[in-house]
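J.: Note that the UniProt record's numbering has the sequence shown beginning at 1, numbered continuously upward.
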Amino acid sequence: MIELVMPRLSDSMQEGTILAWLVADGAHVSRGDELVEVETDKAAMVHNSDADGILHITAPVGTTLPVGSPIGQLLADGESAGTEAADVSAAAPAAVETAEPVSQQAAPAAEPEDGRVHVSPVARRIAEDLGVKLEGLIGSGPNGRIVRSDVEQAAAGTDQAAQTGPATDTSTVTEQASTEAPEVTQTAKGAVTRREPTRSQSLIARRMSESRATVPDFTLETDVDASRLVDMRRQLKELADGSGAPTVNDLVIRACALSLKDHPAVNGAWRDGAFEEYASINVGIAVTTEGGLVVPVIFDADSKDIHEIASESRDLATRAREGTITPPQLSGGTFSISNLGMFGVDRFTAVINPPQAAILAVGSLREAPVVQDGEVVAGSLLNLTLAVDHRAVYGAAAAAFLESVSERLAAPAALLG
Numbered sequence: 001m002i003e004l005v006m007p008r009l010s011d012s013m014q015e016g017t018i019l020a021w022l023v024a025d026g027a028h029v030s031r032g033d034e035l036v037e038v039e040t041d042k043a044a045m046v047h048n049s050d051a052d053g054i055l056h057i058t059a060p061v062g063t064t065l066p067v068g069s070p071i072g073q074l075l076a077d078g079e080s081a082g083t084e085a086a087d088v089s090a091a092a093p094a095a096v097e098t099a100e101p102v103s104q105q106a107a108p109a110a111e112p113e114d115g116r117v118h119v120s121p122v123a124r125r126i127a128e129d130l131g132v133k134l135e136g137l138i139g140s141g142p143n144g145r146i147v148r149s150d151v152e153q154a155a156a157g158t159d160q161a162a163q164t165g166p167a168t169d170t171s172t173v174t175e176q177a178s179t180e181a182p183e184v185t186q187t188a189k190g191a192v193t194r195r196e197p198t199r200s201q202s203l204i205a206r207r208m209s210e211s212r213a214t215v216p217d218f219t220l221e222t223d224v225d226a227s228r229l230v231d232m233r234r235q236l237k238e239l240a241d242g243s244g245a246p247t248v249n250d251l252v253i254r255a256c257a258l259s260l261k262d263h264p265a266v267n268g269a270w271r272d273g274a275f276e277e278y279a280s281i282n283v284g285i286a287v288t289t290e291g292g293l294v295v296p297v298i299f300d301a302d303s304k305d306i307h308e309i310a311s312e313s314r315d316l317a318t319r320a321r322e323g324t325i326t327p328p329q330l331s332g333g334t335f336s337i338s339n340l341g342m343f344g345v346d347r348f349t350a351v352i353n354p355p356q357a358a359i360l361a362v363g364s365l366r367e368a369p370v371v372q373d374g375e376v377v378a379g380s381l382l383n384l385t386l387a388v389d390h391r392a393v394y395g396a397a398a399a400a401f402l403e404s405v406s407e408r409l410a411a412p413a414a415l416l417g
């Protein structure tokens, strides 16, 4: 018998929630098979089996457990389930007692504002393999998410998934949706709608609260004369001829990566009462998804040219929004960048992502008068705001780093090298 435990799917993961078992209880599992979908502090992740055996599930869908807690067993042929598996209610009483009731019938899938279909990574991959159109399917997963069984039933020619959703069957893969509707109460403020957050949203809230409560941060900001940067971006778009030119954010990533190499203290952390500096420069880029905020990582960003950074950042952002991002792509960041410029935000302060030492907030490009060669001319300004953990980096070092980034963006020709 092999005990299955809640896997650690990211470097910051402390607990996870079972979203779906991708193999039925009592079915045979082979090494490498997709076994369970888990919601972490980063995103929903699929964990593959590390061994062969007959699956015995001890942690049902919706259970939240710490990393390392038992969630099931892999049994040999003819072997009975052991008693070593931890009782779920004993392991995490609060999670089980407060678990939401499950539905006996699928809930209609929510329609995202951007038109994307709410679908699990496994279901999306199977749909592509089987040629099943996801539009119009009603999901039976959490919050109406389309899951594997919905796609397989649609591929088999049944109209059940497209009309009423599959009935709950404990002999098949289980992904169930909550029937609990948003709570609406009448107050002096009018109708108040209260919605429970997803597990990822709760973890994001907790981590951001911990950051504000435990990190003694300070901020520095500057306006960069981005006139040459705008001209370079225009030239890159013309050369790309519609094939995807590097964005301003890609150029910021490149500038930060090169500056981090010159200012290693910013590419570090204060951890367990000591300074840490990292040899690798791994830049995280904040991406908003349906489930919350994730930060995919561009590894060794200082060794990649602007076109490699642009291609990788596009791919990571797409994977994050489609839910196909993998745990390694969300782990190992040493510095982060958050850009709200596309929303017309001139300047803002981002919250540090512990244990990283700093995060750069990028505002919008805005037309403004600038001084060039002693004359006031029409130009463009870009605001950069650096939030820094004062334990890891002192003011002068942080200012020198921000100045280095600003100079590279103001004279961006070297960013193409």
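Ideal Cβ placement from N, Cα and C applies to all residues, glycine included.
(1) Considering only the beta carbon of each residue, do residue 8 and residue 67 sit closer than 7 Å?
(2) Examine the Cβ distances between the segment 311–319 and the segment 182–193 and report whether three or more of them are shorter than 8 Å.
(3) Give me, in chain order, the residues of the same chain whose beta-carbon lies closer than 6 Å to that of residue 84; leave out the 5 immediate sequence neighbours on both sides.
(4) Quick one: what does DSSP say residue 234 is sitting in, helix, strand or coil?
(5) Compare the beta carbon distance of residue 2 and residue 74 with 7 Å and say whether it is the shorter of the two.
(6) For residue 63 and residue 133, I'd like the C-alpha separation in whole angstroms.
(7) Take the Cβ of residue 329 as the centre, count every other Cβ of all protein chains shown within 10 Å, and call the residue buried at 16 or more, exposed below.
(8) Could you compute how far the alpha carbon of residue 103 sits from the alpha carbon of residue 140?
(9) Can you tell me whether residue 11 is buried or exposed, with buried defined as 16 or more other CB within 10 angstroms of its CB?
(10) Could you tell me the distance, in whole angstroms, from the CA atom of residue 390 to the CA atom of residue 77?
(11) Select from 56, 256, 70 and 61 the residue whose C-alpha is nearest the C-alpha of residue 81.
(12) List, from N- to C-terminal side, the beta strand (DSSP E) runs of 3 residues or more that fit wholly inside the segment 240–277.
(13) Output needed for residue 271: all residues of its chain with C-beta closer than 7 Å, excluding positions within five of it in sequence on either side, in chain order.
(14) In this structure, how does DSSP classify residue 2 when only helix, strand and coil are distinguished?
(15) So, for residue 399: in the same chain, excluding its five sequence neighbours on each side, which residues have a beta-carbon less than 8 Å away from its beta-carbon?
(16) Along the chain, where does the beta strand (DSSP E) that runs through residue 368 open and close?
(17) From residue 319 to residue 325, what does the alpha carbon distance come to, in whole angstroms?
(18) Using only CA atoms, which one of 267, 135, 206 and 283 lies nearest to residue 277?
(19) Excluding the 5 residues preceding and the 5 following residue 369 in the sequence, name in chain order all residues of the same chain whose CB lies nearer than 6 Å to its CB.
(20) Within the continuous alpha helix (DSSP H) that includes residue 196, where are the two ends?
(21) Below 8 Å on the Cβ atoms is my contact criterion, and I expect residue 231 with residue 381 to pass it. Report the Cβ-Cβ distance as a whole number of Å.
(22) Just list the beta strand (DSSP E) runs in the segment 285–330, keeping only unbroken ones of 3 residues or longer that don't cross its boundaries, in chain order.
(23) Which whole-angstrom value is the C-beta distance of residue 290 and residue 124, which I expect to be below 8 Å?
(24) According to DSSP, is residue 226 part of a helix, a strand, or is it coil?
(25) Under the three-state reduction of DSSP, which class applies to residue 338: helix, strand or coil?
(26) Any contact between the segment 199–207 and the segment 23–40? By contact I mean 3 or more CB pairs, one from each, below 8 Å.
(27) Judging by CA-CA distance, which residue of 415, 333, 261 and 211 is the nearest neighbour of residue 250?
(28) Going by beta carbon distance, what residues of the same chain come within less than 8 Å of residue 302, once the five residues before and after it are set aside?
(29) Who does residue 53 pair with in a DSSP beta bridge?
(30) Rounded to the nearest angstrom, how far is the Cβ of residue 401 from that of residue 263, given a contact under 8 Å?
(31) When you compare each of 388, 394, 387 and 365 to residue 409 by their alpha carbons, which one comes out closest?
(32) Less than 7 Å separating the beta-carbons of residue 397 and residue 265?
(33) Taking C-alpha atoms, which residue in 225, 152 and 245 lies nearest to residue 130?
(34) Put residue 14 into one of helix, strand or coil per three-state DSSP.
(35) Nearest CA to the CA of residue 413: which residue from 127, 252 and 15?
(36) Work out the CA separation of residue 388 and residue 16 for me, nearest whole Å.
T.: Taking the structure as given:
(1) Stepping through the sequence shown from its first residue, residue 8 is reached at position 8. Stepping through the sequence shown from its first residue, residue 67 is reached at position 67. Closer than 7 Å, so yes.
(2) no
(3) Locating residue 84 in the sequence shown gives position 84, counting from the first residue. Caution is warranted here: a pLDDT of 46 is assigned to residue 84, below 50, making its placement in the model unreliable, and no coordinate value can be reported.
(4) For the purposes of this step, residue 234 is taken as residue 234 along the sequence shown, with counting starting at 1. Helix.
(5) Walking along the sequence shown from the start, residue 2 turns up at place 2. Walking along the sequence shown from the start, residue 74 turns up at place 74. Cβ atoms of residue 2 and residue 74: closer than 7 Å.
(6) Taking the first residue of the sequence shown as position 1, residue 63 is located at position 63. Taking the first residue of the sequence shown as position 1, residue 133 is located at position 133. Their Cα atoms are separated by approximately 31 Å.
(7) By one-based count along the sequence shown, residue 329 stands at place 329. Looking at its Cβ environment, which holds 16 or more other Cβ atoms inside 10 Å, residue 329 is buried.
(8) Within the sequence shown, the letter at position 103 stands for residue 103. Within the sequence shown, the letter at position 140 stands for residue 140. No answer about residue 103 holds up, because its pLDDT of 36 lies below 50 and its placement is not dependable.
(9) The residue you call residue 11 lines up with position 11 of the sequence shown. Result: exposed.
(10) Here residue 390 is taken as the residue at index 390 of the sequence shown, counted from 1. Here residue 77 is taken as the residue at index 77 of the sequence shown, counted from 1. About 58 Å.
(11) Within the sequence shown, the letter at position 81 stands for residue 81. Among 56, 256, 70 and 61, the Cα nearest to that of residue 81 belongs to 56.
(12) 268–271 and 274–277
(13) In the sequence shown, residue 271 corresponds to position 271, counting from 1. For residue 271, where only same-chain residues beyond five positions count, the Cβ hits under 7 Å are 355.
(14) Within the sequence shown, numbered from 1, the residue matching residue 2 stands at position 2. Residue 2 falls in the strand class under three-state DSSP.
(15) For the purposes of this step, residue 399 is taken as the residue at position 399 of the sequence shown. 220.
(16) Numbered from 1 along the sequence shown, position 368 holds the residue referred to as residue 368. It spans 358–372 - the beta strand (DSSP E) in which residue 368 sits, taken as one unbroken run.
(17) Counting from one through the sequence shown, the residue named residue 319 turns up at place 319. Counting from one through the sequence shown, the residue named residue 325 turns up at place 325. Answer to the nearest angstrom: the Cα atoms are 5 Å apart.
(18) Here residue 277 refers to the residue found at position 277 of the sequence shown. Minimum Cα distance to residue 277 is reached at 267.
(19) Position 369 of the sequence shown, counted from the first residue, corresponds to residue 369. Cβ within range, chain order: 376.
(20) The count along the sequence shown starts at 1 and reaches residue 196 at position 196. Looking at the DSSP string, residue 196 is not in any alpha helix (DSSP H), and its letter there is neither H nor E.
(21) The sequence position of residue 231 within the sequence shown is 231, counting from 1. The sequence position of residue 381 within the sequence shown is 381, counting from 1. Contact doesn't hold; Cβ gap of about 14 Å is too wide.
(22) 287–289 and 292–294
(23) Reading the sequence shown from its first residue, position 290 is the one you call residue 290. Reading the sequence shown from its first residue, position 124 is the one you call residue 124. Their Cβ separation, rounded to whole angstroms, is 13 Å, which puts residue 290 and residue 124 out of contact at 8 Å.
(24) On the sequence shown, residue 226 is found 226 positions in, with the first residue counted as 1. Coil.
(25) Locating residue 338 in the sequence shown gives position 338, counting from the first residue. In the structure shown, residue 338 sits in a strand (DSSP, three-state: E or B).
(26) yes
(27) As a first step, residue 250 must be located in the sequence shown, where it is residue number 250. Of 415, 333, 261 and 211, the residue nearest in Cα terms is 415.
(28) Here residue 302 refers to the residue found at position 302 when the sequence shown is read from its first residue. Closer than 8 Å at Cβ, skipping near neighbours: 257, 258, 260, 261 and 281.
(29) In the sequence shown, counting from the first residue as 1, residue 53 sits at position 53. Beta-bridge pairing links residue 53 to 29.
(30) Taking the first residue of the sequence shown as position 1, residue 401 is located at position 401. Taking the first residue of the sequence shown as position 1, residue 263 is located at position 263. About 4 Å; that satisfies the 8 Å criterion.
(31) Locating residue 409 in the sequence shown gives position 409, counting from the first residue. Closest by alpha carbon: 365.
(32) For the purposes of this step, residue 397 is identified with residue 397 of the sequence shown, where counting begins at 1. For the purposes of this step, residue 265 is identified with residue 265 of the sequence shown, where counting begins at 1. Their beta carbons are under 7 Å apart, which means residue 397 touches residue 265 by this criterion.
(33) For the purposes of this step, residue 130 is identified with residue 130 of the sequence shown, where counting begins at 1. Nearest option by C-alpha distance: 152.
(34) One-based indexing of the sequence shown puts residue 14 at position 14. Residue state, collapsed to three classes: coil.
(35) Here residue 413 refers to the residue found at position 413 of the sequence shown. Residue 413 has its Cα closest to that of 252, out of 127, 252 and 15.
(36) Here residue 16 corresponds to residue number 16 of the sequence shown, with the count starting at 1. Here residue 388 corresponds to residue number 388 of the sequence shown, with the count starting at 1. If I take the Cα positions, the gap works out to 29 Å.
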